[in-house]
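Under our numbering, the first residue of the sequence shown is numbered 3, with each subsequent residue one higher.
The beta carbon of each residue, even a glycine, is placed where N, CA and C say it ideally should be.
Note that this is a predicted model, so its numbers are computed, not measured.
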Amino acid sequence: MQPTFKPSLIPVIENKPAYHAIGLHQTHVYSDGGIPSIVDQWSLFMNRIGEIQGLHTVTLGVCYDVHTGNPFEYVTAALLTESQLDIPVPESMCKIFLKPQMYAIFTHNGPISVLGATYKAIFEWLTGNKTYIRAQAPEFEYYDSRFTGNERSDSQFDIYIPVLMQQ
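Shown next as structure tokens:
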């Protein structure tokens, strides 16, 4: 029997500036077993990231309308620096803009295979806290140098959930 992974997550709440990125857009459908098509999208994007001019040390997985149910939009993207905002967008890729926003930032620790448990803990926090509610804006995963691989136990990345203070 495999041990159950049950993270206890307390977010950092921060106001973040706008983000600009270039990447690949696809539509996905959530199922109880997860979203295996996102793995394929990441593989395709990582094979094409070199087409985006410049050095890219941060990648994003941006979810649009995931809170409304099936299907949802997902963009795998390279975060742009201020000096890269005018670079050309490679064929079949898109440029995205995330407006300045307050986020609850959670850190996922461990392999991607236990990511579902992290999201479950995030949504438990969202429904159980008395201060913040989910904002109508994209959520995203922020992959930097702490991400060491899909199935590595020492791997980390952040999950940004847009929030507003409750009235």
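- Nearest in C-alpha terms to I135, of all of S157, A119 and Q169, is Q169.
- Using a Cβ distance threshold of 7 Å, A137 and P102 do not count as a contacting pair.
- Secondary structure of N49 (DSSP, three-state): helix.
- No residue range can be given for A139, since it is assigned to no beta strand (DSSP E) and is classified by DSSP as neither H nor E.
- With fewer than 16 other CB atoms across the displayed protein chains lying within 10 angstroms of its CB, L57 is exposed.
- Proximity to T83 across E93, I54 and Y105 peaks at I54, based on C-alpha coordinates.
- For P92 and G25, the gap between their C-alpha atoms comes out near 9 Å.
- In the three-state scheme derived from DSSP, where H, G and I count as helix and E and B as strand, T83 is classed as coil.
- Beyond the five residues adjoining it in sequence on each side, V31 comes within less than 6 Å, by CB distance, of N72 and P73 in the same chain, given in chain order.
- Shown here for E143: same chain residues with a beta carbon closer than 6 Å to its own, the five before and five after excluded, namely G63, F159 and I161 in chain order.
- Straight-line spacing of the CA atoms in N49 and F99 works out to 23 Å.
- Taking the Cβ atoms as the reference, Y145 lies roughly 7 Å from V60, within the contact range of under 8 Å.
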